[in-house]
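Beneath this line is the structure, given in structure tokens, with notes to follow.
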Amino acid sequence: MKNAAYIFFLLFLAACSDNVRVTGTVEGGLENGDSIFLMSPNKQNGADILSKSIVENGAFELSGNVELPAVCNVVTFTPQGRLARKMDFIAEGGDVEIKVLPGYYRVSGTPLNDAMQQVRDSMEIASRIYKRYYNKKAVSPNLSEMGRKEADDAMAIASYQYKGVLYRCIESNIDNILAAYLIKNNIDVIEPAKGLQFIRELPAACKDNVIAYINKLYTAQERSAVGKPFIDIKMCDANGKLHALSTYAGGGTPLLINLWTSGSRASLDAALAVEGLQKELDERVRCIGISIDTGYNTWRGAIEKEGFSCVQLTDLKGWESDFMKHYGVDKAPYFVLVDGDGIIRYRGISFSDACSMLQELIQE
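If you read the sequence shown in this note's numbering, its first letter stands for residue 3, the second for the next number, and so on.
Here it is, written out as structure tokens:
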């Protein structure tokens with residue numbers, strides 16, 4: 003009996019001890035005296051604070067209890083209460099080390115965190131290369147054809163290399179929480195068909211509401227992928243008249259669809275750029291704006307204020323818009339280009355890329 007009681011006592015102590023311990027060193031991005039928190043997401047889509055500390059002499063230490071394995075965060079806030087830094091890691095047992103750098107951080111100490119860091123390092127390199135050449139194209143409108151090709155090739159290679167590292171890490175961790183984390187944080191990088199395959203192979207315990215949403219998103223993206231026929235939907239104009247996309251698509255003239263919302267200046271600016279394109283190309287292209295606003299007066303007011311003349315449609319369902327649902331879109335502005343035969347030739351967030359493809363269609 004004494005042995006049994008002693009074992010129970012040890013188990014009790016183990017249950018009460020901290021099972022997540024994070025030590026950090028700061029080389030930039032945080033200051034001595036900054037408050038820093040260890041947090042874990044909860045089932046109410048919020049987060050629980052496991053512990054709080056401050057940065058002292060360029061270092062910090064945090065510890066707490068959480069059901070393992072779990073995705074946790076080390077976060078800091080501005081004096082005004084806004085989120086300043088958020089550093090993710092996998093709590094799986096064992097100490098975690100975080101090195102905080104200006105604009106970046108590195109995590110190590112356990113197998114899943116080491117694997118995650120390899121992906122993050124690859125993403126950081128790819129992002130820097132992509133940003134460099136994307137900006138080069140953006141600020142050099144007179145870039146030679148060879149220069150544009152060099153930029154496009156560099157961005158494609160960077161994306162390809164990162165995607166390879168990402169896929170290999172997901173495949174080798176498909177039976178644990180790291181795969182689900184990487185899928186959630188790379189929605190726009192993972193090809194829909196590949197994403198659906200990954201989700202099918204995930205353990206049931208990893209398939210939460212976010213994964214279920216991504217599964218729906220990828221399914222819709224597969225149905226409306228580049229090379230597939232456009233999906234016909236119906237929406238109303240500002241006068242309540244119902245319009246079908248088939249009225250404008252597939253009649254021999256390319257159709258550019260622009261998804262926008264009045265709540266975003268970037269979105270409104272993109273819609274104005276589409277207006278300019280319509281005026282420039284006239285009958286060589288048809289342009290339609292689809293709004294994800296929920297209030298009629300707000301939507302109508304934005305159309306009048308900005309002076310939009312292209313056909314403008316909406317179903318006033320916001321982020322539950324039929325267009326977003328059927329085309330698997332989760333952001334605005336967004337562009338879908340359909341050729342004269344009704345085949346989707348481009349879909350994405352880049353207006354310049356949509357215009358480049360449109361020029362190719364016009365010249366065919």
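Idealized CB from N, CA, C, for every residue including glycine.
Cβ distance (whole Å) where residue i is taken to contact residue j below 8 Å
i           : j           : result
residue 268 : residue 260 : That belief does not hold up - the Cβ atoms of residue 268 and residue 260 are roughly 12 Å apart, past 8 Å.
residue 181 : residue 208 : 7 Å
residue 120 : residue 167 : 7 Å
residue 189 : residue 216 : 6 Å
residue 312 : residue 361 : Rounded, the Cβ-Cβ distance is 19 Å, inconsistent with contact.
residue 68  : residue 21  : 7 Å
residue 232 : residue 344 : 5 Å
residue 213 : residue 204 : 7 Å
residue 106 : residue 128 : Contact flag wrong, Cβ pair sits at about 14 Å.
residue 210 : residue 314 : Contact doesn't hold; Cβ gap of about 37 Å is too wide.
residue 368 : residue 101 : Because the chain is modelled from 3 through 366, residue 368 falls outside the range shown and cannot be assessed.
residue 110 : residue 126 : With 8 Å as the limit, residue 110 and residue 126 do not qualify as a contact, their Cβ atoms being about 15 Å apart.
CA nearest to the CA of residue i, picked from the options
i           : options            : result
residue 40  : 224, 230, 63       : 63
residue 294 : 306, 282, 67, 322  : 322
residue 320 : 192, 224, 263, 364 : 263
residue 347 : 299, 134, 129, 258 : 258
residue 198 : 218, 165, 101, 302 : 218
residue 299 : 265, 354, 251      : 265
residue 336 : 276, 210, 73, 26   : 276
residue 250 : 290, 212, 42, 127  : 290
residue 356 : 332, 78, 228, 254  : 228
residue 72  : 95, 164, 83, 131   : 95
residue 103 : 256, 88, 52, 117   : 88
residue 379 : 237, 238, 241, 283 : Nothing about residue 379 can be reported from this structure: the residues present for the chain run from 3 to 366 only.
residue 49  : 90, 35, 60, 97     : 90
residue 117 : 173, 151, 150      : 173
residue 52  : 29, 113, 185, 65   : 65
DSSP beta-bridge partners of residue i
i           : result
residue 87  : 78
residue 293 : 262, 316
residue 245 : 237
residue 63  : 25
residue 40  : 53, 76
residue 93  : 72
residue 103 : 106
residue 58  : 61
residue 257 : 288, 340
residue 231 : 345
residue 2   : Nothing in the structure corresponds to residue 2, since the chain is present only between 3 and 366.
Rounded C-alpha distance that separates residue i from residue j
i           : j           : result
residue 200 : residue 270 : 36 Å
residue 326 : residue 33  : 43 Å
residue 352 : residue 338 : 10 Å
residue 18  : residue 54  : At residue 18 the pLDDT is 44, less than 50, meaning the model places this residue with poor confidence and gives no usable figure here.
residue 148 : residue 358 : 15 Å
residue 244 : residue 144 : 42 Å
residue 324 : residue 92  : 36 Å
residue 108 : residue 330 : 33 Å
residue 133 : residue 220 : 26 Å
residue 248 : residue 235 : 8 Å
residue 25  : residue 122 : 19 Å
residue 76  : residue 124 : 22 Å
residue 222 : residue 187 : 19 Å
residue 157 : residue 135 : 7 Å
residue 278 : residue 301 : 20 Å
residue 194 : residue 170 : 16 Å
residue 58  : residue 31  : 14 Å
residue 354 : residue 332 : 20 Å
residue 161 : residue 146 : 23 Å
residue 364 : residue 286 : 7 Å
residue 12  : residue 334 : With a pLDDT of only 38 at residue 12, under the threshold of 50, the placement of this residue in the model should not be trusted; the figure read from the coordinates follows. Using only the alpha carbons, I get a separation of about 55 Å.
residue 317 : residue 242 : 10 Å
residue 6   : residue 86  : A caution first: residue 6 carries a pLDDT of 49, below 50, which makes its placement in the model unreliable, though a value can still be read off. Taking the straight line from one Cα to the other gives about 49 Å.
residue 84  : residue 305 : 33 Å
residue 27  : residue 183 : 24 Å
residue 78  : residue 340 : 45 Å
residue 23  : residue 137 : 41 Å
residue 226 : residue 288 : 19 Å
residue 202 : residue 309 : 47 Å
residue 196 : residue 178 : 17 Å
residue 3   : residue 56  : Because residue 3 sits at a pLDDT of 45, beneath the cut-off of 50, its placement in the model cannot be relied upon, and the following sentence gives the value as read from the coordinates. Between residue 3 and residue 56, the C-alpha separation is close to 45 Å.
Residue-chain proximity (residue i, chain C), Cβ-Cβ < 8 Å
i           : result
residue 212 : Within the model displayed, chain C is absent; a lone protein chain is all it includes.
Check: Fully enclosed by the stretch 312-360, which beta strand (DSSP E) runs are 3 residues long or longer?
Finding: Whole beta strand (DSSP E) segments, 3+ residues: 313-316, 336-340, 346-350.
Item checked: Complete alpha helix (DSSP H) runs within the stretch 164-195 (minimum length 4 residues, chain order) -> List check, alpha helix (DSSP H) in window: 179-186.
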